[in-house]
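Only one structure is covered here, and it is reproduced in the block below.
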Amino acid sequence: MAAYQAGSIEAFEALYAALAAPLLAYLTTLARDRTVAQDLLQEAFLHIHRSRRAYRAGLPVRPWVFTIARYVWLMDRRLRSRRPQSDQELPDLPVPAEVDGLAERDGLRRALGAVLPDRREALLLHHVWGFSFIEIGQMLGIRPQAAKLRSSRGMGDLRRMLSEIARG
Amino acid sequence: MGEEQVRLPAELRDIIARDLHPVAPLGSPVRRAVGMLPLAVALLVAAVIVFGLRRDASRIGPFLTWGASIIQMLLGLALVAGALREAVPGTTLPRRMLGIAFGTAAIAVLTITFMTWTTSPTLIAPGYETRAWGICLTGTILSALPVLAVAGWLAARAYPLRPRIAGALYGIGAGLLADAGWRLFCHFSHPTHVLGAHTLGIVLSGIIGVVGATVVSRRSSVSSR
């Protein structure tokens, strides 16, 4: 990040290589549309570029980058809010390792798609992308305890839905 | 979870490469807020130097005169530091902390108002109320403007993703810094005057911060498209 701030394009390429995939997965989770998420990913990297001065050495890079990506999604959602939304199509949502194997992949994604959005976001940020609850709190503007609560409730919902799916 | 490799689009790489130049990383929010200390001290003593110390200073004592103003000044700087932290992506303040920040500011202002009034109840001479109200309201807002400008610039240089919250924080902070000096000159301690003119000035400064931060944020997002 310091090299990128110093003006190295190679450093930007390395940053993109390291972060584009998890960011795309995160944006897909938020937008629930992979094509939209791919557009948002490019927009997010433009915002990251414009705000690179704000990054301070010593701060973890990923919460900073994910927060900007979330902001880009929020702005996009605001712009799209006047148009009718469809939740029918489920995107390729990432699955937490804790529940992977408890059901078929499709069932897992369907269950994950049915978890409340704020709980699903906290759950995935913690269990899939490995953010601490302090980092999630800073990214979402909530207390770490609230982030933990959302994540654990999301996991509870997910397990409940998976057992319902298993029962048929 | 295995994640696929996402290719960097050539168009995005070109845009970044064209615009890429070295930037100096920002300092910590606290350090940048402390950098505003000379301005805060100047505001604290400006009204006293120009108009003189409040007439009831000997009656209310050094704690309620200088002590209360210094506490208010430090609180104002803390709010500005909070705004500068809020302006950095990934370090946004939780709602509870925002509530504590605004709540502490409100409690401090009300406590200082009440203590000063009970120690030295000073009424405004009949017929002079409106003029005193206008002088103190205008004085507080005008004194807050330099802080609003500097703090607004510092916050905008970060990348506030919630500009209204950052603006409210540094706006109220600027109002507190301005009133910390203005109350050292104004000896009218009646709560209707203090709350109706001085505190209203702090609130209006907060509103100016919100509006200013929102306008700057919209302009920068439009110009960067």
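Going down the list, the sequences are from chains R and U.
Heads up: the first sequence begins at 0 in numbering that gives the first Met the number 0, then just goes up one per residue.
Heads up: the second sequence begins at 0 in numbering that gives the first Met the number 0, then just goes up one per residue.
Where a beta carbon is used, it is the ideal one built from N, C-alpha and C, also for glycine.
Around the C-beta of V127(R), are 16 or more other C-beta atoms found within 10 angstroms, so that it is buried, or is it exposed? Residue mapping note: residue 127(R) aligns to position 128 of the first sequence, counting from 1. Burial call: buried.
Could you tell me which chain R residues have their CB closer than 8 Å to the CB of D18(U), listed as they occur along the chain? What you label residue 18(U) is simply residue 19 of the second sequence in a count that begins at 1. Here the neighbours are H48.
Quick check: what's the CA-CA separation for R182(U) versus V47(U)? In the second sequence, residue 182(U) corresponds to position 183, counting from 1. In the second sequence, residue 47(U) corresponds to position 48, counting from 1. Whole-angstrom Cα-Cα distance: 9 Å.
Please identify, using Cβ separations under 8 Å, the residues of the segment 146 to 164 of chain U that lie next to chain R, in order along the chain. R156, A157, Y158, L160 and R161
Y158(U) versus P88(U) - alpha carbon distance: As a first step, residue 158(U) is located in the second sequence; it is residue number 159 there, counting from the start. As a first step, residue 88(U) is located in the second sequence; it is residue number 89 there, counting from the start. Taking the straight line joining both Cα atoms gives about 7 Å.
Any beta carbon from chain U within less than 8 Å of A36(R)'s own beta carbon? Residue mapping note: residue 36(R) aligns to position 37 of the first sequence, counting from 1. Closer than 8 Å: no.
Do you know how far the Cα of L38(U) is from the Cα of L168(U)? Looking up residue 168(U) in the second sequence gives position 169. Looking up residue 38(U) in the second sequence gives position 39. One C-alpha to the other measures close to 17 Å.
Is it right to say L26(R) is buried, meaning 16 or more other beta carbons lie within 10 angstroms of its own, or is it exposed? Within the first sequence, the letter at position 27 stands for residue 26(R). Looking at its Cβ environment, which holds 16 or more other Cβ atoms inside 10 Å, L26(R) is buried.
Interface flag, L7(U) vs chain R, CB-CB below 8 Å: What you label residue 7(U) is simply residue 8 of the second sequence in a count that begins at 1. Yes, because at least one Cβ of chain R sits closer than 8 Å to the Cβ of L7(U).
Whether L160(U) touches G211(U) by CB criterion (8 Å): What you label residue 160(U) is simply residue 161 of the second sequence in a count that begins at 1. What you label residue 211(U) is simply residue 212 of the second sequence in a count that begins at 1. Not closer than 8 Å, so no.
Does any residue of chain R bring its CB to less than 8 Å from the CB of S188(U)? Taking the first residue of the second sequence as 1, we reach residue 188(U) at position 189. S188(U) does not count as touching chain R.
Assumed close pair L157(R), A121(R) - CB separation to whole angstroms, cut-off 8 Å: Residue 157(R) sits at position 158 when you count from the first residue of the first sequence. Residue 121(R) sits at position 122 when you count from the first residue of the first sequence. Not a contact, Cβ separation roughly 12 Å.
Determine the DSSP secondary structure at G95(U), reduced to helix, strand or coil. By 1-based counting over the second sequence, the position of residue 95(U) is 96. For clarity, residue 95(U) is Arg in the given sequence; the question names Gly instead. Helix.
State the DSSP-derived secondary structure class of Y127(U), mapped to helix, strand or coil. The residue given as residue 127(U) occupies position 128 in the second sequence. Three-state DSSP puts Y127(U) in coil, outside helix and strand.
Which residue from G112(R), M0(R), L161(R) and L148(R) puts its Cα closest to that of A53(R)? Looking up residue 53(R) in the first sequence gives position 54. Among G112(R), M0(R), L161(R) and L148(R), the Cα nearest to that of A53(R) is on M0(R).
Once you ignore the five residues that flank P21(R) on each side, which residues in its own chain have a CB closer than 7 Å to its CB? For this step, residue 21(R) is matched to residue 22 along the first sequence. W128.
Which class does C135(U) belong to by DSSP, given the choice of helix, strand or coil? As a position in the second sequence, residue 135(U) is number 136, starting the count at 1. Helix, per DSSP.
Would you report the Cα separation of V209(U) and A107(U), rounded to the nearest angstrom? Locating residue 209(U) in the second sequence gives position 210, counting from the first residue. Locating residue 107(U) in the second sequence gives position 108, counting from the first residue. Straight-line Cα distance between these residues: approximately 22 Å.
Counting along the chain, where does the alpha helix (DSSP H) carrying I141(R) start and finish? Mapped onto the first sequence, residue 141(R) falls at position 142. First-last for I141(R): undefined, no H or E at that position.
Under 7 Å Cβ-Cβ, which residues of chain U neighbour R51(R)? Counting from 1 along the first sequence, the entry for residue 51(R) is found at position 52. In chain order: V22.
Helix, strand or coil: which one does DSSP assign to S216(U)? Translated into the one-based positions of the second sequence, residue 216(U) becomes position 217. In this structure, S216(U) counts as helix in the three-state DSSP scheme.
With V79(U) and A150(U) assumed to form a contact (beta carbons below 8 Å), what rounded beta-carbon distance in angstroms separates them? Position 80 of the second sequence holds residue 79(U). Position 151 of the second sequence holds residue 150(U). So it is a contact: roughly 5 Å between Cβ atoms.
Mapping the DSSP letters down to three states, classify R118(R) as helix, strand or coil. Against the first sequence, residue 118(R) aligns to sequence position 119. Looking at R118(R) - three-state DSSP - the assignment turns out to be helix.
For E103(R), which three-state DSSP category applies? By 1-based counting over the first sequence, the position of residue 103(R) is 104. Coil at E103(R), not helix or strand.
Taking buried to mean at least 16 other C-beta atoms within 10 Å of its own C-beta, is Y127(U) buried or exposed? As a first step, residue 127(U) must be located in the second sequence, where it is residue number 128. Exposed, because fewer than 16 other Cβ atoms sit within 10 Å of the Cβ of Y127(U).
Let me know the alpha helix (DSSP H) ranges lying completely inside the segment 139 to 223 of chain U, each 4 residues or longer, listed in chain order. 162 to 181 and 199 to 222
Alpha helix (DSSP H) segment containing Q4(U), residue limits: Sequence index remark: in the second sequence, residue 4(U) carries index 5 (1-based). Where Q4(U) is concerned, there is no enclosing alpha helix (DSSP H), given that its DSSP letter is neither H nor E.
Nearest neighbour of P21(U), chosen from D117(R), R149(R) and A2(R) [CA to CA]: Here residue 21(U) refers to the residue found at position 22 of the second sequence. Taking only the C-alpha atoms, the option nearest P21(U) is A2(R).
Quick test of your reading: T226(U) and F187(U), contact by CB under 8 Å. State the CB separation rounded to the nearest angstrom. The question about residue 226(U) has no answer here: the residues shown for chain U are numbered 0 through 224.
Straight-line gap, G252(U) to I111(U) (C-alpha atoms, nearest Å): For residue 252(U) there is no data in the structure shown, the boundaries of chain U being 0 and 224.
DSSP on Q87(R), reduced to helix/strand/coil? Taking the first residue of the first sequence as 1, we reach residue 87(R) at position 88. Caution applies to Q87(R), whose pLDDT of 48 falls short of 50 and renders its modelled position unreliable; the model cannot decide the point.
Does the Cβ of P93(R) have 16 or more other Cβ atoms within 10 Å, making it buried, or fewer, making it exposed? Sequence index remark: in the first sequence, residue 93(R) carries index 94 (1-based). The residue in question, P93(R), is buried, as its Cβ has 16 or more Cβ neighbours within 10 Å.
Using the Cα positions of R6(U) and A143(U), report the straight-line distance between them to the nearest angstrom. Against the second sequence, residue 6(U) aligns to sequence position 7. Against the second sequence, residue 143(U) aligns to sequence position 144. So the alpha carbons of these two residues sit roughly 49 Å apart.
Does DSSP classify Y3(R) as helix, strand or coil? Mapped onto the first sequence, residue 3(R) falls at position 4. Here Y3(R) sits in helix by DSSP.
Under the rule that 16 or more other beta-carbon atoms within 10 Å means buried, what is L124(R), buried or exposed? Here residue 124(R) corresponds to residue number 125 of the first sequence, with the count starting at 1. L124(R) comes out buried.
Selection from A165(R), T28(R), S151(R) and A30(R) that minimises the alpha carbon distance to E103(R): For the purposes of this step, residue 103(R) is taken as the residue at position 104 of the first sequence. For the residues A165(R), T28(R), S151(R) and A30(R), the minimum Cα distance to E103(R) belongs to A165(R).
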